[in-house]
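Q:
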Amino acid sequence: MTTVRDVRSMAGRDPITMLTAYDAPTAALVDAAGVDLILVGDSMGNATLGYDSTLPVTVDEVKSRTAAVTRATNDAVVVADMPFLSIGVDEAQSIEHCGRMLKEADADAVKLECGPHTVELTKRLAQLGIPVMAHLGLTPQQVKQTGYLRQGTSKEQAQEILDLARAHEEAGAFSLVLEHVPANLAAQVTEALTIPTIGIGAGGDCDGQVLVVNDVLGLGERVPPFAKQFGDVQSAMEEAIDGYVDAVESGEFPADEHSHVEADLDELY
Ligand code: KIV
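The sequence shown lines up with residues 0 to 268 when you count with numbering that gives the first Met the number 0.
1) Checking 8 Å against the spacing of the C-beta atoms, do Val39 and Val76 come in under that value?
2) Taking the continuous beta strand (DSSP E) assigned at Val56, which residues delimit it?
3) Rounded to whole angstroms, what's the CA-CA distance from Asp214 to Pro223? Just pull it up for me.
4) Check each candidate in Glu112, Asn73 and Leu120 and name the one with the smallest Cα separation from Glu90.
5) Tell me, please, which residues DSSP counts as bridged to Ala133.
6) I need the DSSP call for Leu192, collapsed to helix, strand or coil.
7) Using DSSP's beta-bridge definition, name the partner residues of Val77.
8) Considering only heavy atoms of the ligand KIV, does any lie closer than 7 Å to the CB of Thr19?
9) Mapping the DSSP letters down to three states, classify Leu148 as helix, strand or coil.
10) Spell out a yes or no on whether the region 85-101 and the region 150-170 are touching, meaning 3 or more CB-CB pairs, one atom from each, closer than 8 Å.
11) Looking only at its chain, what residues have a beta carbon closer than 6 Å to the beta carbon of Ala71, apart from the 5 residues adjacent to it on each side?
12) Which value, in whole angstroms, describes the spacing of the CA atoms of Leu177 and Ile37?
13) DSSP three-state label for Val212, please.
14) What residues match up with Thr19 in a beta bridge as DSSP calls it?
15) First and last residue of the alpha helix (DSSP H) that includes Gly44?
16) Within the same chain, show all residues whose beta-carbon is closer than 8 Å to that of Asp30, passing over the 5 residues directly before and after it, in chain order.
17) I want to know whether the region 2-14 touches the region 197-211 - three or more CB-CB distances under 8 Å.
18) Report back the beta-carbon spacing between Val109 and Ala133 to the nearest angstrom; my notes put them in contact at under 8 Å.
19) With Ser52 and Val142 assumed to form a contact (beta carbons below 8 Å), what rounded beta-carbon distance in angstroms separates them?
20) What number of angstroms, rounded off, separates the C-alpha of Thr65 from the C-alpha of Gln140?
21) Below 8 Å on the Cβ atoms is my contact criterion, and I expect Val118 with Ala164 to pass it. Report the Cβ-Cβ distance as a whole number of Å.
22) How about Asp41: is its Cβ closer than 7 Å to a heavy atom in the ligand KIV?
23) In this structure, how does DSSP classify Ile86 when only helix, strand and coil are distinguished?
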């Protein structure tokens, strides 16, 4: 089994792969493909729960999806993404929410959307034995403040991201996600840290890459400009569902091989 220590030691060595998954069958496929980390992202809000942002996602939703993913995963490190306001309001409550992901859903680590307010929490969680993946740059839980725009584009913003990256490494984070930031900023952050950076829309110089699995599969409508679709599962699903509807409507399904007959039941009265 891959561990967070293995992931940490991959910095600057082997390219790290991470994909999201929100259910057991997808996690099993992602794990079997040899992906290093599975993120049970709060992107489930948009990707599978029908919300138009990640803000409504709850601790219970992430916990139940994380448990489904860990049940189907043999090798990858499973990271539970802490949803909006589940951390940062109160330290004891934040720790309890993060701890539930390990205790009740068997996650290996938690991911926090970070800012100055998460440095102390990261330190506390690491001391308590809860591995932390930090997340800087575009943090979608801040959508009401920042929109979904690229972050770190001015010198001040870029410096702040670099400083926060260093502070979270020092606080004990085992890895850092960098989302939608200029590639030359991500390269400098990667160079400055000893923990691995995992980029999404952050160029090719990070230690690893992460994408939302629906974008990779080609399932869903809105694909961000930095994502790449590697398949067309939407078309495959449409074809299968249309095929089923046609077969039922035409009487082709179920056929004899999908039914069984008990001889004794022929003459009921
Ligand atoms: O929720 C998520 O899927 C994420 C990734 C995009 C990094 O935070």
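Yeah, the Cβ is synthetic: ideal placement off N, Cα and C, and Gly gets one too.
A: Well, looking at it:
1) Along the sequence shown, one-based indexing puts residue 39 at 40. Along the sequence shown, one-based indexing puts residue 76 at 77. No. Outside cutoff.
2) The sequence position of residue 56 within the sequence shown is 57, counting from 1. Run containing Val56: none; DSSP gives neither H nor E here.
3) Indexing the sequence shown from 1 puts residue 214 at position 215. Indexing the sequence shown from 1 puts residue 223 at position 224. Looking at the two C-alpha atoms, the distance is approximately 8 Å.
4) Translated into the one-based positions of the sequence shown, residue 90 becomes position 91. Cα-wise, what sits closest to Glu90 is Leu120.
5) By one-based count along the sequence shown, residue 133 stands at place 134. Bridge partners of Ala133: Leu111 and Leu175.
6) Stepping through the sequence shown from its first residue, residue 192 is reached at position 193. Assigned with DSSP and collapsed to three states, Leu192 falls in coil, not helix or strand.
7) By one-based count along the sequence shown, residue 77 stands at place 78. Per DSSP, the beta-bridge partners of Val77 are Ile37.
8) In the sequence shown, counting from the first residue as 1, residue 19 sits at position 20. Answer for Thr19: yes, Cβ within range of the ligand KIV.
9) In the sequence shown, counting from the first residue as 1, residue 148 sits at position 149. Coil, per DSSP.
10) Output reads no: the region 150-170 does not touch the region 85-101.
11) The count along the sequence shown starts at 1 and reaches residue 71 at position 72. Ala23, Ala26 and Ala27, listed in sequence order.
12) Along the sequence shown, read from residue 1 onward, the residue named residue 177 stands at position 178. Along the sequence shown, read from residue 1 onward, the residue named residue 37 stands at position 38. Each residue's alpha carbon lies about 16 Å from the other.
13) Indexing the sequence shown from 1 puts residue 212 at position 213. In this structure, Val212 counts as helix in the three-state DSSP scheme.
14) One-based indexing of the sequence shown puts residue 19 at position 20. Leu38.
15) In the sequence shown, the residue the question calls residue 44 occupies position 45. Segment Met43 to Ala46, the alpha helix (DSSP H) holding Gly44.
16) Locating residue 30 in the sequence shown gives position 31, where the first residue counts as 1. Correct list, in chain order: Ile37, Ala71, Thr72, Asn73, Asp74 and Ala75.
17) The region 2-14 makes contact with the region 197-211: 3 or more CB pairs, one atom from each, lie closer than 8 Å.
18) Residue mapping note: residue 109 aligns to position 110 of the sequence shown, counting from 1. Residue mapping note: residue 133 aligns to position 134 of the sequence shown, counting from 1. Not quite, the Cβ-Cβ distance comes to about 10 Å (not below 8 Å), so this is no contact.
19) Locating residue 52 in the sequence shown gives position 53, counting from the first residue. Locating residue 142 in the sequence shown gives position 143, counting from the first residue. That belief holds up - the Cβ atoms of Ser52 and Val142 are roughly 6 Å apart, short of 8 Å.
20) Position 66 of the sequence shown holds residue 65. Position 141 of the sequence shown holds residue 140. C-alpha of Thr65 to C-alpha of Gln140: approximately 19 Å in a straight line.
21) Counting from 1 along the sequence shown, the entry for residue 118 is found at position 119. Counting from 1 along the sequence shown, the entry for residue 164 is found at position 165. Beta-carbon to beta-carbon, Val118 and Ala164 are separated by about 11 Å, too far to satisfy the 8 Å threshold.
22) Here residue 41 refers to the residue found at position 42 of the sequence shown. Asp41: yes, Cβ under 7 Å from the ligand KIV.
23) Counting from one through the sequence shown, the residue named residue 86 turns up at place 87. In the structure shown, Ile86 sits in coil (DSSP, three-state: anything other than H, G, I, E or B).
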